[in-house]
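Before any comments, here is the structure.
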Amino acid sequence: TLTHGSEKQGKTASLTAQLLLLYYLLRYEDVRMNLQMGGGDKVKSYSTEFLSELPIKYLLQQAQRNQQSYAGLFSPLLRLLATHFPHLSLVDDWIEEEQQPSSREETTAPTPAAIVEGLSAMSSCPSHTGKLLKKLLEMPATQLWPHVITLVKHFRNTLDPSVPSYVQELYRQVWLKLNTVLPRCLWVLTICAFMYEKPLLPRLTITQNIVLDPLQVLRWDARAFRSASVLKVLLRVLQASLAASRNQLVRHQRDTTAVDCRVTETEREELRTALVAAQDSCVLQILLEACLESAEDRETPGQLWALREVRSIICSYLHQVFISEPSLAKLIHFQGYPRELLPVTVKGIPSMHICLDFIPELLSQPSLEKQVFAVDLVSHLSLHYALPKSMSVARLAINTLSTLVTVLSSENRAELFVPTLPALVRICEAFPPLVEDVVSLLTQVGKVCLAEACSHGNYKPANLMHWQAVASDQTSDQILVGEIQRTFVSILRHAILKVKVY
32 TLTHGSEKQG KTASLTAQLL LLYYLLRYED VRMNLQMGGG DKVKSYSTEF
82 LSELPIKYLL QQAQRNQQSY AGLFSPLLRL LATHFPHLSL VDDWIEEEQQ
132 PSSREETTAP TPAAIVEGLS AMSSCPSHTG KLLKKLLEMP ATQLWPHVIT
182 LVKHFRNTLD PSVPSYVQEL YRQVWLKLNT VLPRCLWVLT ICAFMYEKPL
232 LPRLTITQNI VLDPLQVLRW DARAFRSASV LKVLLRVLQA SLAASRNQLV
282 RHQRDTTAVD CRVTETEREE LRTALVAAQD SCVLQILLEA CLESAEDRET
332 PGQLWALREV RSIICSYLHQ VFISEPSLAK LIHFQGYPRE LLPVTVKGIP
382 SMHICLDFIP ELLSQPSLEK QVFAVDLVSH LSLHYALPKS MSVARLAINT
432 LSTLVTVLSS ENRAELFVPT LPALVRICEA FPPLVEDVVS LLTQVGKVCL
482 AEACSHGNYK PANLMHWQAV ASDQTSDQIL VGEIQRTFVS ILRHAILKVK
532 VY
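My numbering applies: residue 32 is where the sequence shown begins, and numbers increase by one.
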């Protein structure tokens, strides 16, 4: 096979026969799928496990590098691959260019024993491991593949705190080189190496398991979510697994008929779309949760810097997802996530401005939690995107809060306004023309709270500060009045009396 051939053989051997067989296989799948869509007779298909053993990606990359010989074959091959194997034609894979071995120097390939010895010393002697990894990067991918089991087995050891980041980055580059040969086999090995050992969970042995449940990728060692290099590998495997799962669901829908004759194809399509959306939203929620700052992050030296880098990587991934599927951005924000992450997502995801399109719908939801989230979201968007559309949405949020003042009970009123008062300060800071509307809203809320306090007979205007200081006797209205007063001071400081305009 190609993976066990030497470099000398790779330079002289022609890949024409393999490429033609690959074209026949992909063309067969294309014709079979077209027959299925046209209602023709059912044709046998190649199994997923058989296809995963073929070096499809490697052959296509070789055809790309030698387009003078395969110019007429590369384009149809690429089209068929993107149609039937989208997980093998990810954009990131084509951007990454494999480092070509130097023709001036003939480096001796490390022996298997030397590889094991070098990888085992990454904690005690990382410089030795770094030299070994650089040697491995100089090897052709086909010569490196026979050592894949050893390399992946030690990959998890890079999560040890004593392993420097440059060793982790070199290991990631070696993994990317291996990813050009048999990527689907590499994904299974990598997931098995990083996954927690849990007896109740099935052990991954075949590619089909990942296709059926791509969320298994996120069951990795939790330390992977604080290592930038390992996290990039995780996201690469995750992105490919989700693409493979979507493709498998489409194939399954076309290859099988509904068990219940009353179920139409439209309903099956809707169910498939709902399943894909549920998988994608679950992945994004888990990644957002990984961005939360924990007590361990604050206590461990250097962990906050690692968290900042991890947040940048995850936000970049979310941006790609939101651009490719804007409906997912709406779904995620309607589901909601911790509000302390809003500054991170708004600043880190360039496509967050699309949220301005559905915030009015989010404000109209009959849930105080969603309304608070919407007001908080629009305040951060207003600071980051000071656009006319942001101003109109912010004004709508203020009007919505004004409408809810008199219809909510005392407890619900505090539940809504106490967390949204800082958001009103940010809106005033972003759009000073809205200060008058915000002040009017705060005055209205304060009057309602004081009126309810007077009706209980516990309020003395001459002793307001003492009334607020008795924390044990404070009601929700009293707490809200105190927060409103502090909000007035914040608006004066950040919006009215702000000296620095730009």
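Ideal placement from N, C-alpha and C gives every residue a C-beta, glycine not left out. Predicted model, so just to flag it, every value in this text is computed and none were measured.
Considering only C-alpha positions, which residue in the set the options is nearest to residue i?
{"i": "Arg342", "options": "Thr376, Leu359 and Ala326", "result": "Thr376"}
{"i": "Thr79", "options": "Arg215, Gln174, Leu349 and Arg257", "result": "Arg215"}
{"i": "Tyr197", "options": "Val261, Lys75 and Leu323", "result": "Val261"}
{"i": "Val183", "options": "Ala224, Pro177 and Pro332", "result": "Ala224"}
{"i": "Ser410", "options": "Thr287, Arg444, Arg370 and Trp218", "result": "Arg370"}
{"i": "Lys208", "options": "Lys529, Leu164 and Gln247", "result": "Leu164"}
{"i": "Asn210", "options": "Pro391, Thr189 and Pro171", "result": "Pro171"}
{"i": "Leu108", "options": "Ile345, Ala145 and Thr47", "result": "Thr47"}
{"i": "Ser76", "options": "Glu330, Gln92 and Tyr59", "result": "Tyr59"}
{"i": "Glu400", "options": "Ser433, Val449, Pro381 and Asn430", "result": "Val449"}
{"i": "Gln475", "options": "Glu446, Leu432 and Cys459", "result": "Leu432"}
{"i": "Pro534", "options": "Leu435, Val456 and Val466", "result": "Here the chain comprises residues numbered 32 to 533, so residue 534 is not present and cannot be evaluated."}
{"i": "Leu269", "options": "Arg293, Leu243 and Met68", "result": "Leu243"}
{"i": "Arg444", "options": "Ser471, Pro464 and Val403", "result": "Val403"}
{"i": "Trp218", "options": "Gln199, Ser193 and Leu249", "result": "Leu249"}
{"i": "Gly379", "options": "Lys88, Tyr348 and Leu111", "result": "Tyr348"}
{"i": "Pro391", "options": "Ser100, Glu296, Ala145 and Lys361", "result": "Lys361"}
{"i": "Val205", "options": "Gln247, Thr287, Ala309 and Thr221", "result": "Thr221"}
{"i": "Arg267", "options": "Asp124, Ser413 and Asn97", "result": "Asp124"}
{"i": "Ser83", "options": "Leu213, Gly367 and Ser413", "result": "Leu213"}
{"i": "Glu467", "options": "Arg426, Leu481, Val479 and Cys480", "result": "Arg426"}
{"i": "Asn65", "options": "Ile515, Arg282, Ser325 and Glu330", "result": "Arg282"}
{"i": "Trp176", "options": "Ile146, Val470 and Pro332", "result": "Ile146"}
{"i": "Pro192", "options": "Pro332, Ile429 and Gly477", "result": "Pro332"}
{"i": "Ser479", "options": "Thr451, Gln92, Ser100 and Ile515", "result": "Here the sequence assigns Val to residue 479, which means Ser is not the residue at that position. For the residues Thr451, Gln92, Ser100 and Ile515, the minimum Cα distance to Val479 belongs to Ile515."}
Quick check on the burial criterion: 16 or more other C-beta atoms within 10 angstroms. Buried or exposed for residue i?
{"i": "Gly513", "result": "buried"}
{"i": "Ala454", "result": "buried"}
{"i": "Ser258", "result": "buried"}
{"i": "His178", "result": "buried"}
{"i": "Met383", "result": "buried"}
{"i": "Arg517", "result": "exposed"}
{"i": "Phe462", "result": "buried"}
{"i": "Cys485", "result": "exposed"}
{"i": "Val74", "result": "exposed"}
{"i": "Val122", "result": "exposed"}
{"i": "Pro527", "result": "In the sequence under discussion, the amino acid at residue 527 is Ile, which differs from the Pro named in the question. That one is exposed."}
{"i": "Trp336", "result": "exposed"}
{"i": "Thr297", "result": "exposed"}
{"i": "Gln199", "result": "buried"}
{"i": "Leu19", "result": "It is not possible to answer for residue 19, since the shown part of the chain is limited to 32 through 533."}
For residue i, which residues of its own chain have a beta-carbon under 7 Å away from its beta-carbon, when the five flanking residues on both sides are left out?
{"i": "Gln130", "result": "Caution is warranted here: a pLDDT of 49 is assigned to Gln130, below 50, making its placement in the model unreliable, and no coordinate value can be reported."}
{"i": "Arg303", "result": "Leu280 and Gln284"}
{"i": "Leu90", "result": "Leu46, Gln49, Leu50 and Leu53"}
{"i": "Leu393", "result": "His364, Phe365, Lys401 and Ala405"}
{"i": "Val456", "result": "Thr518, Ser521, Ile522 and His525"}
{"i": "Tyr416", "result": "His384"}
{"i": "Met68", "result": "Arg285"}
{"i": "Leu104", "result": "Leu50, Tyr54 and Ala94"}
{"i": "Lys529", "result": "none"}
{"i": "Leu265", "result": "Val248, Trp251 and Ala255"}
Only counting the same chain, and skipping five residues up and downstream in sequence, which positions put a Cβ closer than 8 Å to that of residue i?
{"i": "Arg187", "result": "Ala224, Phe225 and Asp252"}
{"i": "Pro381", "result": "His350"}
{"i": "Leu372", "result": "Leu319, Cys322 and Leu323"}
{"i": "Lys263", "result": "Arg203 and Ile344"}
{"i": "Leu150", "result": "Thr160, Leu163, Thr181, Leu182, His185 and Asn188"}
{"i": "Gly367", "result": "Glu400, Lys401 and Phe404"}
{"i": "Asp61", "result": "Leu111, Thr114 and His115"}
According to DSSP, which residues form a beta bridge with residue i?
{"i": "Met226", "result": "Trp251"}
Residues in its own chain within less than 6 Å of residue i by CB, not counting five upstream and five downstream?
{"i": "Pro195", "result": "Pro157"}
{"i": "Ala113", "result": "Ser120"}
{"i": "Glu340", "result": "Ala259"}
{"i": "Leu273", "result": "Pro245"}
{"i": "Glu460", "result": "His525 and Ala526"}
{"i": "Leu414", "result": "Arg457 and Ala461"}
Quick check: is the beta carbon of residue i nearer than 9 Å to any beta carbon in chain C?
{"i": "Lys420", "result": "The structure shown contains no chain C, having only a single protein chain."}
When every heavy atom of the ligand GDP is checked, does at least one fall within less than 8 Å of the C-beta of residue i?
{"i": "Arg370", "result": "As presented, the structure is devoid of all ligands, the ligand GDP included, so that no description of it is given."}
Exercise. How about the segment 273-282 and the segment 103-119: do they share at least three Cβ pairs that are nearer than 8 Å?
Worked result: Between the segment 273-282 and the segment 103-119, the count of Cβ pairs shorter than 8 Å is three or higher; the stretches touch.
Exercise. Is the segment 343-361 in contact with the segment 311-327, if contact means three or more CB pairs nearer than 8 Å?
Worked result: Remark: three or more beta-carbon pairs, one from each stretch, lie closer than 8 Å, so the segment 343-361 and the segment 311-327 are flagged as touching.
For this session: May I ask you to verify whether the segment 507-521 touches the segment 432-439, counting CB pairs closer than 8 Å and requiring at least 3?
Result: Contact between the segment 507-521 and the segment 432-439 is absent, with fewer than three C-beta pairs closer than 8 Å.
Problem set entry | Cβ contact (3+ pairs, closer than 8 Å) linking the segment 383-403 and the segment 415-425 | Yes, the segment 383-403 is in contact with the segment 415-425.
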